[in-house]
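K.L.:
The numbers in the sequence shown follow full-length UniProt numbering, run straight up by one, and end at 560.
The beta carbon of each residue, even a glycine, is placed where N, CA and C say it ideally should be.
Because the structure is a prediction, the values reported are computed rather than measured.
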Amino acid sequence: MSSEPNIGGSNNGLEKVLSSSPEPIEISPTSHHGNALRHSRTLSSSSSSSSSSRITERPPPFSRKLTRALFIRPAETRGPAPGHLESIKSALTYSWVNVLFVFNPIAWALHYTHQTDGVVFAMALLGVIPLAGMLGHGTETIALYTGDALGGLINASLGNATEFIIAILLLVKCEIRVVQASLLGGLLSNLLLVTGMAFIVGGVRFSQQQFQQTAAQLNTSLLTLAVIALVIPTCFAFAIEQASGEETERDIILEMSRGSALILIFIYASYMVFQLYSHSYLYNPDNDILNDVRSSASSVQSAPAASAQPPAPIVSGNELAPPPVKRTQSLVSTFGSRAFLGQTSKRGSLPAHFSRVDEKDEEKRQRDRQRRQDPEAAVIPQGDTGSETELETPEMNLTVAISVLIAATGLTYLTAEALTDSLEGIGQTGSVSTEWLGLILLAIVGNAAEHVTAVFVAYRNKIDLALAVSVGSCIQISLFVIPLLVLIGWIANKPLSLLFDPLEVVTLFLSVLLVRFATEDGRTHYMSGILLFGTYVLIAFSFWFYPQSGTSAGNLFSEC
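1) Give the straight-line distance between the Cα atoms of V404 and E86, rounded to the nearest whole angstrom.
2) State the start and end residues of the unbroken alpha helix (DSSP H) segment that holds T429.
3) From this set, G259, L264, P233 and L262, which residue's C-alpha is nearest E249's C-alpha?
4) Does DSSP classify E392 as helix, strand or coil?
5) Hey, out of L222, I166 and L126, whose CA is closest to D410's CA?
6) Expressed to the nearest angstrom, what Euclidean distance is found between the alpha-carbon atoms of V471 and V102?
7) So A408 and G186 are in contact, right, with Cβ under 8 Å, and what is the actual spacing, rounded?
8) Straight-line CA distance for I228 to I265?
9) Check the C-beta distance from A198 over to A454 and give it rounded, since I have them as a contact under 8 Å.
10) Straight-line CA distance for V505 to T535?
11) Tell me the DSSP bridge mates of T524?
12) For a test of the three-state rule: what should DSSP assign to G438, helix, strand or coil?
13) Would you call the CB atoms of residue 565 and H451 closer than 8 Å?
14) From A321 to S278, what does the alpha carbon distance come to, in whole angstroms?
15) Using CA coordinates, which residue listed in T524, W544 and R516 is at the minimum distance from N219?
16) Considering only their Cβ atoms, is the gap separating L158 from T415 smaller than 8 Å?
17) Checking 8 Å against the spacing of the C-beta atoms, do D521 and F211 come in under that value?
18) CA-CA distance, I482 and V512?
19) To the nearest angstrom, report how far apart A161 and F206 are at their CA atoms.
20) Report the residue from N98, H525 and I106 whose alpha carbon sits nearest the alpha carbon of G202.
21) DSSP on K173, reduced to helix/strand/coil?
22) Comparing C-alpha positions only, which one of Y145, R523 and V179 sits nearest to P394?
23) Looking at the unbroken alpha helix (DSSP H) that takes in E246, where does it start and where does it end?
24) In this structure, does DSSP put A81 in helix, strand or coil?
25) Quick check on the burial criterion: 16 or more other C-beta atoms within 10 angstroms. Buried or exposed for V537?
26) Work out the CA separation of V486 and K494 for me, nearest whole Å.
27) Can you give me the Cβ contacts of L191 inside the same chain, cut-off strictly under 6 Å, excluding the 5 residues immediately before and after it?
28) Taking its Cβ as the centre, do 16 or more other Cβ atoms sit within 10 Å of S182, making it buried, or is it exposed?
29) Cβ-heavy atom distance between L225 and the ligand ADP below 7 Å?
30) Please tell me whether V179 and L496 are closer than 8 Å, where the distance is taken between their beta carbons.
31) For S296, which three-state DSSP category applies?
32) Have a look at L254, S221, E247 and L100 and flag the residue whose alpha-carbon is nearest the alpha-carbon of Y271.
33) How would you write the range of the alpha helix (DSSP H) that N104 sits in, first residue to last?
34) Select from L479, V119 and S422 the residue whose C-alpha is nearest the C-alpha of T224.
35) Taking just the CA atoms, how far does L531 sit from L254?
36) Closest by CA to G83, which one among K462, L484, N397 and L125?
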């Protein structure tokens, strides 16, 4: 076994540095507090010296780093933008679901001529589907022109725009129970139906699929936090129901809900910084360094004490050195994107907002593992500089993308208005509970994009992306959309709170618990999907018989 040169001095011992960059590095001796690692085209040898040296990477200028992260993405990091005609064609033909767009004018005509509410509701329900896909298509295209943080913020703000617009219209009409049912139905649909179908489709084609446990465990922890925020007002309402009057109880629950909403939005903002900036490598499905390091550490612990093999690469203490993640190589959409709704891939690969997996990925991973085990023995093929990664090419230019986003938002408002008005008329007939329609039908239609996307990527053995789409949308709804609507209701003097129906809260808690159990080992198969899908069908069947009046606690804010 070759010995490592002593570059860290007698006090620091031996250090091995894992470099994810395929370019060679230049190591030069510096003082004890110096900075010695620099990227270079040639490898210059340096003799061992008694003076201590530190190996770090020289950071880019702060202004360039801020520009890349927050504002405008450099043009050289993406493909050329198409012209206006090509962009308009992409907006109209990017998805086969766009054929359902014809139901939008039909729904408008039936609504403004005061036709049967059931027919208007059905037409508007079908018309919302392509509008949701168009919103996502414009949002994702705009995100390609911005930095990672700003693009993530745009996705977070508009990722569930359809549900948000419908909820706003219902809130204005003071349909508090329907608003809460539609939001919680979106959570249940993503958690159980979308994730379950992705597991089934992927499990039928592959006997077992693996995903990153770190990101999955954090996501389920965030969902557990959201459930806690809903459980506390429910338990509090039952605790003080006999001790105080109804008006006092309403005021206390509203104050508690509005304060909790601010806390949840802060946690969501922190999660975005964690995901997009500080720990973005954890959400790269092609990055298996953590699992490799875990395996290496286990091998080292089980090896004889006399073994000279050092443990996993360490930089400055005990911190693992995460590899930098290039946006041009992989970009994981974790905000419930709709841009891939039914899209027929013309490039034979996933759309721009999904992970680009190169044909040489497996070969590169093997070289990385070999380099971690023995950096000196690892041989990098000549000319392999990592430049084979594919640039993300936007399908629309920025002007057309913004115009499409504005137009889709306006059309969604018109269709959602017809949808909510007809929903109110159906509720007055008493034939079907409006809460059931919001909990099941509105949720399924609103999550149609996530459903198609998650199933498709699971079929392509990208189960990480399937979980990112479904669970990521749940995180956005629970930590951002619901708290934001509570604050909007506060401003508009509408009593929207975090006090949901107790049965709905218990159902959500058990669903999160089931998803956590199904994903705790980092592996999935079709039986896990059957469990999730069956649970969703069971919930939908049970709520069909649930009385529309609900419970006393759930109806505390049923009227404005």
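P.N.:
A quick look at the data gives this:
1) 13 Å
2) L398 to T429
3) P233
4) strand
5) Looking at the sequence provided, one finds Gly at residue 410 rather than Asp. Checking every option, the nearest Cα to that of G410 belongs to I166.
6) 31 Å
7) That belief does not hold up - the Cβ atoms of A408 and G186 are roughly 19 Å apart, past 8 Å.
8) 15 Å
9) 4 Å
10) 15 Å
11) Q209
12) helix
13) What is shown of the chain runs 1 to 560, which leaves residue 565 out entirely.
14) Reliability fails at A321, whose pLDDT of 45 lies under 50, so the model's placement of it is uncertain and the value that follows must be treated cautiously. Those two C-alpha atoms are separated by around 13 Å.
15) R516
16) no
17) no
18) 17 Å
19) 34 Å
20) H525
21) coil
22) Y145
23) E246 to V273
24) coil
25) exposed
26) 9 Å
27) C474, S511 and V515
28) buried
29) Among the ligands in the structure shown, none appear at all, so the ligand ADP cannot be discussed.
30) yes
31) Here the model assigns S296 a pLDDT of 41, short of 50, so the residue's position is not dependable, and the following value carries that caveat. Note: S296 maps to helix in three-state DSSP.
32) S221
33) F103 to Y112
34) L479
35) 36 Å
36) N397
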